[in-house]
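Have a look at the structure below before the remarks.
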Amino acid sequence: MNTTPVLTARGLTRTYGSSFTAVDGIDFDIYEGEIFGLLGTNGAGKTSTLEILEGLAKASAGTVKVFGLDPIKDRKKVRPRQGLMMQEGGFPTDLTARETLSMWAGTLSNPLPVGTVLDWVSLDHRANVRVSSLSGGEVRRLDLACAIIGQPQLLFLDEPTTGLDPESRRQAWELIASIQSSGTTIVLTTHYLEEAEYLCDRLAIMHEGKIVTSGTSDSVVAGHPSTIKFDELAIPVEFESRATSHRGTTTITTHQLQKDLAKLLAWAEETGTELSGLKASAASLESVFLDIAEGK
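Taking numbering that gives the first Met the number 0, I'd label the letters of the sequence shown as residues 0 to 295.
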């Protein structure tokens with residue numbers, strides 16, 4: 000991975016009024032050519048963070064640098080190098096898809112051909128359809144077309160595949176991956192864990208405005224325990240410090256699932272103990288995400 004940071008954030012904070020902190024003192028770097036994902040449930044602070052990085056909102060505290068520049072003070076220098084796909088595009092409904100993309104291309108210094116981009120996002124056959132008659136998924140693809148037509152060096156994608164059917168979502172992933180392969184750095188927010196695993200070189204999971212964990216998908220999962228669950232009963236002493244009981248179920252956490260499971264099964268056989276309801280679950284990005292979302 001290239002170690003040149005395209006974007007740096009230090010102590011980034013965003014508050015609303017005097018009582019609500021949406022982004023709470025977060026630090027991270029995003030490197031040239033990578034796809035960096037911000038994950039979290041609704042209200043975790045993803046979009047509020049993205050708006051600061053994009054230069055659409057001012058941080059209440061902390062600093063952010065994009066290409067070494069302030070995204071608000073140096074907007075004229077930074078904005079032409081960025082592409083933005085927000086959750087709500089707000090297109091004029093009486094224009095066609097082609098007219099909408101052409102209008103946007105007219106504001107850019109070096110846009111790609113409109114027809115080429117419509118083909119990339121699979122809207123070529125809907126080019127002359129008014130926005131008001133496009134489906135929600137088609138509007139999202141038009142959003143993506145507007146974000147990439149200027150050949151940005153840094154691309155922000157806020158929930159890029161929301162509203163797409165599974166086939167269109169997979170096509171969008173392949174397009175995003177191909178954009179990265181051309182050297183574009185991409186920052187995306189998503190609540191689709193499969194999407195994050197497929198696309199992201201690194202990711203950060205947010206909860207209540209803070210980054211709880213970050214790294215590659217594998218490293219994030221590796222730092223999270225697997226579990227062994229069974230109907231509540233007395234267990235060997237060596238597992239007691241890692242065991243909890245709740246509503247009749249005993250849960251043992253482990254970073255060595257196969258080894259501890261083998262020990263537990265051997266103990267059960269030696270003592271004639273029945274492990275009713277036994278279920279072993281390896282740590283996954285989903286289990287990490289859910290535990291963080293539940294505040295564990």
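Just so it is clear, CB atoms sit at the ideal spot from N, CA and C, and this is done for glycine as well. Only a predicted model underlies this, so the values are computations on that prediction, with no experimental measurement involved.
ask   = Taking just the CA atoms, how far does Met-102 sit from Cys-145?
value = Approximately 10 Å between the Cα atoms of the pair.
query = Under 8 Å between the Cβ atoms of Val-186 and Phe-35?
reply = Taking C-beta atoms as the reference points, Val-186 and Phe-35 count as a pair closer than 8 Å.
task = Inspect the beta-carbon positions of Leu-6 and Ala-58 and report whether they are closer than 8 Å.
result = Between Leu-6 and Ala-58, the CB-CB gap reaches or exceeds 8 Å.
task = Count the C-beta pairs between the stretch 77 to 84 and the stretch 139 to 154 that are closer than 8 Å, then say yes if the count reaches three, no if not.
result = Result yes; three or more Cβ-Cβ pairs closer than 8 Å.
ask   = For the beta strand (DSSP E) that Thr-250 lies in, which residues bound it at each end?
value = Thr-250 -> beta strand (DSSP E) spans 248 to 253.
ask   = In this structure, does DSSP put His-124 in helix, strand or coil?
value = Assignment of His-124 by DSSP, reduced to helix, strand and coil, places it in the helix class.
ask   = Can you tell me whether Pro-159 is buried or exposed, with buried defined as 16 or more other CB within 10 angstroms of its CB?
value = Buried, because 16 or more other Cβ atoms sit within 10 Å of the Cβ of Pro-159.
message = Can you tell me whether Gly-135 is helix, strand or coil according to DSSP?
response = The three-state reading of DSSP puts Gly-135 in helix, counting H, G and I together.
inquiry  = Rounded to the nearest angstrom, what separates Asn-41 and Glu-293 at their Cα positions?
reply    = When rounded, the distance between both Cα atoms is 13 Å.
ask   = In its own chain, which residues sit with a C-beta less than 8 Å from the C-beta of Asp-164, not counting the 5 before and 5 after it?
value = These residues qualify, in order along the chain: Gly-136.
ask   = Whose C-alpha, out of Leu-232, Lys-209, Ile-204, is nearest the C-alpha of Ser-286?
value = Of the listed residues, the one whose Cα sits closest to Ser-286 is Ile-204.
key: Whole-Å CB distance - Ser-225 paired with Ala-282, under 8 Å assumed   = The beta-carbon separation of Ser-225 and Ala-282, rounded to 5 Å, stays under the 8 Å limit for a contact.
task = Please state if the CB of Tyr-15 and the CB of Ala-21 are separated by a distance shorter than 8 Å.
result = Yes; because the gap between Cβ atoms is below 8 Å, this pair is in contact.
request  = Flag this pair as yes or no: are the beta carbons of Ile-227 and Thr-253 separated by less than 8 Å?
outcome  = Contact flag set, yes.
request  = Select from His-245, Leu-232, Gln-255, Arg-246 the residue whose C-alpha is nearest the C-alpha of Ala-267.
outcome  = Residue Leu-232 is the option with its Cα nearest to Ala-267.
query = Should Lys-45 be labelled buried (16 or more other beta-carbon atoms within 10 Å of its own) or exposed?
reply = So Lys-45 counts as buried.
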